[in-house]
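Protein chains in written order, with my numbering: chain Y, -11 to 345; chain R, 46 to 223; chain C, -4 to 245. Ideal placement from N, C-alpha and C gives every residue a C-beta, glycine not left out.
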Amino acid sequence: MNKVLMKGNEAIGEAAIRAGCLNYFAYPITPQSEVAEYLSKRMPEVGGVFLQGESEVAVSYMIFGAAACGERVFTTSSSPGISLMSEGISYIVGAECPAVFVNIMRGGPGLGGILPSQADYLQATKGIGHGDCRLLVMAPASVQEAVEMVMMAFPLAEKYRNPVIILGDGLIGQMMEPVVFPDHLKSAPSNKDDWATSGMETRKSNKRNLVKSLYLDPEALNAHNLKLKAKYDRMKEEEIRYVTYNTEGDYSVLIVSYGTMSRVCRSALESLKTQGLEVALVRPQTLFPFPEKAVFDAASKESCRHVLSVEMSMGQMVEDIERSVQGKRPVSWYGKCGGEVPTPEEVMDAVKDLMRT
Amino acid sequence: MQTEVMFAGFGGQGILLSGKILAEAAMDKDLEVAWVPSYGPEMRGGTAYCTVVISDKPIGSPIIRNPMHLVAMNRPSLEKFAAAVKPGGVVLVNSSLIAVTSERDDVDELRVPVTEIAKGLGNPRAANIVALGAFVARSRILDFEVIQAAVRKEFEKKKHFIEMNLAALEEGRKAATP
Amino acid sequence: MAKTFLKPKCLSDQETHYCPGCTHGIIHRLVAEAIDALGIAGRTVGIAPVGCAVICYNYFTFDFQEAAHGRAPAMATGIKRVRPDLMVFTYQGDGDLASIGMGEIVHAANRGEKFTTVFVNNAVYGMTGGQMAPTTMPDQKTTTTPFGRRVEEVGMPVRMAELLATLSTPGYISRQAVLAPKYVLRAKKAIRKAFQYQMENRCFSFVEVISTCPTNWGMTPTEAIDWAQKTMLPYYPLGDLKTPEPVKEG
């Protein structure tokens, strides 16, 4: 497969097609509208479905309706749009349907801004919608990784019959980088006859399927939520992904950072090394489940004095890091939350400040 | 080795395209590249810019405050970004539209009337390609044949543009290497 | 002795939870009869609303999805776009469709999504306990209009069928009632036609059904029927508002 130079947003659209997802519903919002623009041309070429919905609320239910039929389906949006979709996402979780959401984050709260941000961390990782609702959350740090994660997301959503969300920032969507697309995925949800409303006559059994999230009986709802919890627990066992940098030798500061921000930290780490200052980095690729043990292990190294969360939000990941570190090391935050991406030099300064304390 | 080029000008001057062609060319030479645009309302008529990062190693931060080189297509771009260029870099100034200088004595300032040259070729919209040709020739960031190949690839689907853009590239090269 | 009255095949045996005198049961039956008559139960997906009919899937025997309040037309859109071979209908009340779901129904209708909507208008929120709906009549008392609906404060009732009929795209828009046998027979035909048009992949089809809610209106079933005939029918006239162009031969 050839290397192509592609904008993140377009590559995400193409990745979904190559993951065998030929159904896309969306509503325009900066900075991810190029996904819809790309797929409005591309879906007809591959015999797929493209529809621009009337709102993000409606789109989340178009996704629900299609997912409930057992078809691969996805949408993309940005922060304010994801807030609107969070209603539908809660229903999709409750009704146990697989679907993929992509959030190319921009600044908030409210309209916020349109520049890169990571300020939807808590929203995505702590439930997103009402109820005992969790999503599997993945965070790419390059266009190539965004492609790979989109392609992984569909089988994962089907494995758990639960939505997966890709949390990228505006830069991942807007940047062009070389991409090599993995081979096409073929398999569709294999167990869909057991649950999907695909029409009774399409199935061997005569049983009708019902996709719902209403359980008026408290015992039934309790049992249903325990079943959901078991899935989230299984995600914690089986789906944690992360990358570590420079953790082999001694270091006095451990940085935890994800997405675009982690690349800046990697540059800072290399520059600090040339100055004789050793810093390690843990980059979570899954934000839920969070790589607690990896962070704990890296923070527990005897030489490590501080843990620093570097993110384009007001330290939303700090509490996950603190929980992982279990009080062994102090955890602090550096970042910006207005749309500016901190430079490697700024991260280096923050690290040096920490080393001086 | 990593190097960075910032292309800046009015929205509509083909800034993003010049950057994209350079990035494609570098990618085809198996270098790591990242093309990072400015986006949002400023694209609509204001200053547009993009940065192309080229490296022989995986690229860390794609956000560059101090690029190695600058291609400034209009005066606000030069005034805004000239001070950020690293010492020793090339600053290409579109002298058709910019009367002032970078006021830097530690950079290689190259003044080329790219808009006039493009008009002379019968296509003022090719000013961005003239600038690209001049910049590549002066900075030697890539071999000239590589950028020519990237121009051919970019206009593959609009074949009637290929010759004209290759001519624009060539005029830029001539202006940069007297 | 021959049986003269049979339950439609695609209605389940379960007793409904509806109040005495409620007309949901009749409308369920009309939907089931249409699906049986067309022989499409095996490829039908119903979408339940939020409202009194929230668990209406318990009374049908084919595939069903459960929507959030007002969002059924968006779900139906999702299904029809990815599985155009399925027969899809939404079953929605007035709070669901005409209030919180106004956006979804208008846009689905305007896109000409090829599903069927059965819209039950009984001028009140039923399940939540009788609050004002967009279709509540002027001066009608509800639990949130204890002095009657004041139109100078909250406007006149929304006529959904007329509103949707102003759009160019939707093909079949009809308003019917289930207040007496003659109305029920006409409603039956309209619902059947709506599904027929969908089967022929022709248009979005919409049947509003004027219905009663004796419990929340504080009336006996017969009083409720009288009140609906006298008060609602003059404001909500019955009949087809829009029918699709005849299919050209050849």
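When C-beta distances to chain C are compared with 8 Å, the residues of the stretch 169 to 191 of chain Y below that value are Thr185, Ser186, Gly187, Met188, Glu189 and Thr190, in chain order. Within the same chain, Ile100 and Phe114 come within 6 Å of C:Leu92 by CB-CB distance, once the 5 residues on both sides are set aside. Each of C:Leu236, C:Ala69 and C:Lys109 was checked against the Cα of C:Met194, and the nearest Cα belongs to C:Lys109. DSSP places C:His19 inside the alpha helix (DSSP H), whose first and last residues are His19 to Leu33. Taking C-beta separations shorter than 6 Å and ignoring five residues to either side along the sequence, the partners of Y:Val125 in its chain run Ala112, Thr113, Ile153, Leu155, Leu275 and Phe276, following chain order. The beta carbon of Y:Val90 sits closer than 8 Å to the beta carbons of Ile0, Gln20, Val23, Phe62, Thr63, Thr64, Ser65, Val138, Ile153, Ile154 and Gly156 from its chain, once the five residues preceding and following it are set aside; these are given in chain order.
When only Cα atoms are considered, R:Arg149 and R:Ser122 end up about 15 Å apart. The continuous alpha helix (DSSP H) containing C:Lys188 extends over residues Pro176 to Met194. Burial is judged here by how many other beta carbons sit within 10 angstroms of a residue's own beta carbon; Y:Lys281 has fewer than 16 and is exposed. Beta-bridge analysis with DSSP links R:Trp80 to Y:Met164 and R:Val97. At a Cβ-Cβ threshold of 9 Å, R:Ala93 and R:Ile60 count as neighbours. Annotation: Y:Ile154 is outside any alpha helix (DSSP H); the continuous beta strand (DSSP E) that includes it extends over Val152 to Asp157.
With distances taken between CA atoms, R:Met118 lies nearest to R:Val159 out of R:Ser100, R:Val159 and R:Gly134.
Interface with chain R (9 Å Cβ-Cβ cutoff): Y:Met164 is included.
Within the stretch 190 to 202 of chain C, contact with chain Y at the beta-carbon level (separation under 9 Å) is assigned to no residue. Chain order gives no chain Y residues near R:Pro158, where near means a beta carbon separation below 7 Å; the closest approach is about 29 Å. The three-state reading of DSSP puts C:Val204 in strand, counting E and B together.
Excluding the 5 residues flanking it on each side, R:Asp153 has same chain C-beta neighbours closer than 6 Å at Val135, in chain order. For R:Gly105, the closest Cβ of chain Y is nearer than 9 Å.
By the criterion of a C-beta distance shorter than 7 Å, Y:Leu27 is surrounded in its chain by Gly1, Tyr12 and Phe38, once the five residues flanking it on both sides are discounted.
DSSP, reduced to helix, strand and coil, places R:Pro112 outside both helices and strands of the structure shown, so it counts as coil.
Beyond the five residues adjoining it in sequence on each side, Y:Ser288 comes within less than 7 Å, by CB distance, of Lys316 in the same chain, given in chain order.
In this structure C:Asp89 is buried. Its beta-carbon is surrounded by 16 or more other beta-carbon atoms within 10 angstroms. If you check the CB distance, Y:Asn213 and Y:Ala268 do not come in under 9 Å. Shown here for R:Leu211: same chain residues with a beta carbon closer than 8 Å to its own, the five before and five after excluded, namely Gln193, Val196 and Arg197 in chain order.
Proximity of C:Tyr52 to chain Y, defined by a Cβ-Cβ separation below 9 Å, is satisfied. Sorting C:Thr217, C:Cys51, C:Tyr230 and C:Asp221 by C-alpha distance to the C-alpha of C:Asp8 places C:Cys51 at the top.
For R:Ile186, no beta strand (DSSP E) encloses it, and the DSSP letter there is neither H nor E. Proximity of the stretch 129 to 139 of chain C to the stretch 69 to 79 of chain C falls short of the contact definition, fewer than three beta-carbon pairs being nearer than 8 Å. One finds Gly105 and Ser106 in chain R with Cβ atoms closer than 8 Å to the Cβ of Y:Arg254, taken in chain order. At least one beta carbon of chain C lies nearer than 9 Å to the beta carbon of Y:Cys57.
Around the beta carbon of C:Asp58, a 10 Å sphere encloses 16 or more other beta carbons of the protein chains shown; the residue is thus reported as buried. Distances from the CA of R:Leu62 to each of R:Met46, R:Phe189, R:Asn111 and R:Val116 were compared; the closest alpha carbon is that of R:Val116. Beyond the five residues adjoining it in sequence on each side, C:Cys208 comes within less than 6 Å, by CB distance, of Asn117, Val119 and Gly121 in the same chain, given in chain order. Only Ala71, Thr72, Gly73, Ile74, Lys75, Arg76, Val77, Arg78, Asp80, Leu81, Met82, Val83, Gly98 and Glu99 from the stretch 71 to 99 of chain C bring a Cβ to less than 9 Å from some Cβ of chain Y.
Taking a contact as a CB-CB distance under 8 Å, the pair C:Tyr192 and C:Pro239 counts as one, their CB atoms being some 6 Å apart.
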